[in-house]
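These notes are about the structure you will find just below.
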Amino acid sequence: MSRSIGLAHIVRHDDGTASGVWGTHTLQSAFQPIFAFSNGKLSVTAFEGLIRPFRDGEPQAPMSFFNTCPTVDRLHIEALTRTLHLLNAGASLPPEASIFINFDPSVFTDRSIADKALRDMRLVLHEADIDANRVVCEVTEQKSASQETLYNFVEALRANGFRIAVDDYGADESDINRIKELRPDIVKFDARWIMQLMESGAGFALLTAMVASFEEQGIRTVFEGIEEGWQLELAEKSGASMVQGFALARPELAPTSFHVFGKDRQMPAAVSNAGDAPATVSSSLRPKRAFGRKVVP
Numbered sequence: 001m002s003r004s005i006g007l008a009h010i011v012r013h014d015d016g017t018a019s020g021v022w023g024t025h026t027l028q029s030a031f032q033p034i035f036a037f038s039n040g041k042l043s044v045t046a047f048e049g050l051i052r053p054f055r056d057g058e059p060q061a062p063m064s065f066f067n068t069c070p071t072v073d074r075l076h077i078e079a080l081t082r083t084l085h086l087l088n089a090g091a092s093l094p095p096e097a098s099i100f101i102n103f104d105p106s107v108f109t110d111r112s113i114a115d116k117a118l119r120d121m122r123l124v125l126h127e128a129d130i131d132a133n134r135v136v137c138e139v140t141e142q143k144s145a146s147q148e149t150l151y152n153f154v155e156a157l158r159a160n161g162f163r164i165a166v167d168d169y170g171a172d173e174s175d176i177n178r179i180k181e182l183r184p185d186i187v188k189f190d191a192r193w194i195m196q197l198m199e200s201g202a203g204f205a206l207l208t209a210m211v212a213s214f215e216e217q218g219i220r221t222v223f224e225g226i227e228e229g230w231q232l233e234l235a236e237k238s239g240a241s242m243v244q245g246f247a248l249a250r251p252e253l254a255p256t257s258f259h260v261f262g263k264d265r266q267m268p269a270a271v272s273n274a275g276d277a278p279a280t281v282s283s284s285l286r287p288k289r290a291f292g293r294k295v296v297p
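Numbering-wise, the sequence shown is residues 1 to 297 according to full-length UniProt numbering.
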């Protein structure tokens, strides 16, 4: 197969995983599980790919790495991170799980750039033995150069068989009308925004109404940043489709230990804060919580 920009910077390892090299940095994939609610339980339905940079063996903050990269290189680095996640997903994740991959729409300034990137991505999918319909492409609605550019990019993703998720909904200038135009399969709610709405009864009512509105449009929802049991309880009460956060499982570098998800177990979500999370989490074992944080006198 021809070598894409992403594959040109890939290093293969004996355990089947891959890492990337960009300048003085080594890049690795981490995966965080996404859980779906079903009949009062939680089950793993997907994993999000997250980049973890290292320099001289020391971990670096991802944003620090991206901020030091020249703008002219951003398109190539985007390709490299996607390539890494897909190769590592094919090597180490359950074959039935969906894979959430982040895209920055601002680097795809015209359709020809998007088409070239997606051709390269199809080559990687073939090598990783992953069907396109397993891939959920996360885009942030506010970051595109224009709405037209964003819509064209999303249509290109959809035409290649990928599913679409709008990320960070509720942050900055999110627009419900833009969501209707994009017609995503999934909306991921911004973690900070969710927590603010959960602080009051009125906020929680608004959150529940928005979830119901998306569900009526056939759009599934993900609540990110779930770190405490009461947040998990409210996420379920709101009708959210899926949840993600440290209260359930932390990201793990590939190869992960997430093979434990294949076992039929039930245990409180709060126990699994180091990646060894359960395949199912019994709702009855989670702490009950009304809206808002516990106030200490």
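The C-beta atom is built at its ideal place from N, Cα and C for all residues, glycine as well.
Limits of the alpha helix (DSSP H) - the one that residue i falls within
i, result
"Ser-112", "111–128"
Three-state secondary structure assigned by DSSP to residue i
i, result
"Ala-79", "helix"
"Asn-88", "helix"
"Thr-149", "helix"
"Asp-14", "coil"
"Leu-232", "helix"
"Phe-258", "helix"
"Ser-238", "helix"
"Arg-183", "coil"
"Phe-189", "strand"
Residue i versus residue j: straight-line alpha-carbon distance, rounded
i, j, result
"Ala-89", "Val-124", "11 Å"
"Ala-159", "Asn-133", "11 Å"
"Glu-215", "Lys-180", "12 Å"
"Val-11", "Thr-81", "13 Å"
"Thr-256", "Asn-39", "27 Å"
"Leu-118", "Pro-62", "24 Å"
"Ser-238", "Tyr-169", "16 Å"
"Ser-92", "Ala-254", "7 Å"
Proximal residues to residue i (C-beta, below 6 Å), its chain only, five neighbours per side dropped
i, result
"Phe-223", "Phe-189, Ile-194, Ala-235, Ala-240, Val-243"
"Phe-108", "Ala-114, Phe-153"
"Thr-26", "Ser-19, Phe-54"
"Val-136", "Ser-98, Phe-100, Arg-163, Ala-165"
Neighbourhood of residue i by C-beta, 8 Å cutoff - its chain only, sequence neighbours within 5 removed
i, result
"Thr-45", "Ile-34, Phe-35, Ala-36, Ala-97, Ser-98, Met-242"
Endpoints, the beta strand (DSSP E) within which residue i is located
i, result
"Ser-213", "No beta strand (DSSP E) contains Ser-213, which is instead part of the alpha helix (DSSP H) from 201–216."
"Gln-28", "25–38"
"Pro-53", "41–55"
"Asn-102", "98–103"
Pick from the options that is closest to residue i, judged by C-alpha positions
i, options, result
"Gln-217", "Pro-184, Ala-247, Asp-15, Ser-200", "Pro-184"
"Lys-41", "Glu-233, Ile-101, Asp-120", "Glu-233"
"Glu-252", "Val-139, Gly-16, Ile-130, Phe-47", "Phe-47"
"residue 305", "Ala-212, Phe-65, Ala-128", "Not covered by the structure: residue 305. The range shown for the chain is 1 to 297."
"Leu-86", "Ser-43, Ile-130, Ala-191", "Ile-130"
"Gln-60", "Thr-24, Leu-197, Glu-228, Asp-73", "Thr-24"
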